[in-house]
Amino acid sequence: SISETVDIVKEIKNSKKASNIHKNYMLLHCFCKEKIWMARLTGGFSVVISLDIRNAFNSIPWRIIRETLRHKGFPTYLRRIIDSYLSDRVICYLGQDGKGHERDMEAGVPQGSALGPILWNIAFDGVLRMADNVNKCDILCYADDTLIVATGGDVIRARMRASITAHRVINWINELGLSVATEKTEAILFYGKKADNLPNYIVINELCVDLAPTIKYLGVFIDAK
């Protein structure tokens, strides 16, 4: 029924980790700061990783949206309506030869409408729920801007949890038909007491990412202070 479908959407949108472009993004910053400060106050460590998804909203495959709608139990008639909306669409463009060309569309969510964010949240929800199975790790999203917060009693555990979670998240994103811009991946280390021999990098999918003194998330700079 429509009411059941609305409940599913509400469950996704109301999750503390859900991507919700209609709410003040400062809530995500506050949640992130809370996790970091709790670790620092107890003498622990936090590693925060920011992931950038390439051309996210234009690249999410329609097959993934269809599969996710079916997997989450959306009514058949609603899936047919959305399937019709995402079918028989083409891009018309002028080629280098000066002639007009057409190309069938197979990906992307409608932007500038209420439907686009809902379809994105539904398709991306599996990535967000990965945090439920990872101890002392949280995955935060505002639209496609993805943040991983991992904590630990010592820097080794915090860095290991962050690395493992990032690896799993990136693999899942790849399975969705999307890709992470590794050159834009950022990471930062927080700690609550003076510590020696701190690492200056973290390994993410066999790539060494520097632990920077500051990172930028949703237009706000986050530093180790």
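Numbering follows full-length UniProt numbering, in which position 223 of the sequence shown is assigned residue number 223; successive positions increment by one, without gaps.
Each residue gets a CB set at the ideal place from its N, CA and C atoms; glycine is no exception.
Bear in mind that the values here come from a model prediction, so they are computed numbers and not experimental data.
Out of the options, point me to the one whose CA is closest to residue i's CA.
i: Phe-190; options: Asp-138, Pro-110, Asp-223 and Met-130; result: Asp-223
i: Gly-116; options: Lys-136, Ile-82 and Asp-138; result: Ile-82
i: Thr-146; options: Arg-161, Ala-187 and Asn-58; result: Ala-187
i: Arg-129; options: Gln-111, Ile-173 and Asp-154; result: Ile-173
i: Ala-212; options: Asn-135, Lys-184, His-71 and Pro-110; result: Lys-184
i: Arg-89; options: Met-105, Trp-62, Pro-75 and Thr-76; result: Met-105
i: Phe-45; options: Gly-112, Ile-215 and Gly-192; result: Gly-192
i: Val-169; options: Arg-157, Asp-196 and Leu-140; result: Leu-140
Identify every residue that forms a DSSP beta bridge with residue i.
i: Glu-186; result: Ser-50
i: Thr-76; result: According to DSSP, which records beta bridges pairwise, Thr-76 is partnered with nothing at all.
Beta-carbon within less than 8 Å of residue i's beta-carbon, same chain only, minus the 5 sequence neighbours each way: which residues are those?
i: Gly-98; result: none
i: His-167; result: Ile-204 and Asn-205
i: Leu-94; result: Gly-100 and His-101
i: Met-160; result: Gly-152
i: Asn-135; result: Arg-161
What residues in its chain sit with their C-beta under 6 Å from that of residue i, if we drop five residues either side in the sequence?
i: Arg-103; result: Ile-91
I need the DSSP call for residue i, collapsed to helix, strand or coil.
i: Asp-83; result: helix
i: Ala-123; result: helix
i: Gly-152; result: strand
i: Gly-100; result: strand
i: Ile-91; result: strand
i: Ile-60; result: coil
i: Val-169; result: helix
Give me, in chain order, the residues of the same chain whose beta-carbon lies closer than 7 Å to that of residue i; leave out the 5 immediate sequence neighbours on both sides.
i: Leu-119; result: Ile-65 and Val-109
i: Arg-70; result: Arg-79
Could you say if the segment 172 to 186 and the segment 52 to 63 meet the contact criterion of at least three C-beta pairs nearer than 8 Å?
yes
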